[in-house]
Amino acid sequence: MLARPYFTGQGTFDNTTGAGILEYETSSNSTTFTPTLPPINATNVVANFTRKLRSLASSQFPVNVPQTADKKFFFTVGLGNSPCPKNQTCQGPNGVWFMHCHFDVHLSWGLRMAWIVLDGALPSQKLPPPPSDLPKC
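Right, dumping it as structure tokens:
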């Protein structure tokens, strides 16, 4: 059994997220098979897989998603491993920030939320171009 996360961003992440336990009822003399996994940033593989997923919603078990919020919300945003000099405000990077800890899988489920941070004046404060393998709408 092999597992690999999907990650296209910059920076570090926890690469120990896949785990599995296989318990055999009897011993076997068969040879071990090791599959080949796609690269960690294979957007096309992830898009092809998640495109095949379908909802389990039915008339008996509908998915009623609220269309309005009836409460006030307070969001806290953490920078994680992004460096921030002591006693200074970390304002960047600019662009669209997805608000989820592991959004690669949850975006495909429709769990989307984003903040838009406008570009700054300097080149280092501009939104970078999208990855070359980003699927087109």
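Last residue of the sequence shown: 137 in full-length UniProt numbering, with the numbers rising by one and none dropped. For glycine and all other residues, C-beta sits at the position ideal for the given N, C-alpha and C.
- Item | Rounded separation between Glu23 and Ala42 - CA only | 31 angstroms
- Item | Cα-Cα separation, Pro38 to Val45 | 8 angstroms
- Query: Phe33: which of Thr26, Leu2, Leu134 and Pro62 sits nearest, CA to CA?
  - Reply: For the options Thr26, Leu2, Leu134 and Pro62, the alpha carbon positioned closest to that of Phe33 is the one of Leu2.
- For Asp119 and Leu127, the rounded distance between their alpha carbons: 6 angstroms
- Item | Sequence ranges, beta strand (DSSP E) only - wholly within the stretch 8-49, length at least 3 | none
- Query: In chain order, what residues of the same chain lie with their CB nearer than 7 angstroms to the CB of Leu134, ignoring the 5 residues before and after it?
  - Reply: Thr43
- Nearest-angstrom Cα separation, counted from Glu25 out to Pro66: 47 angstroms
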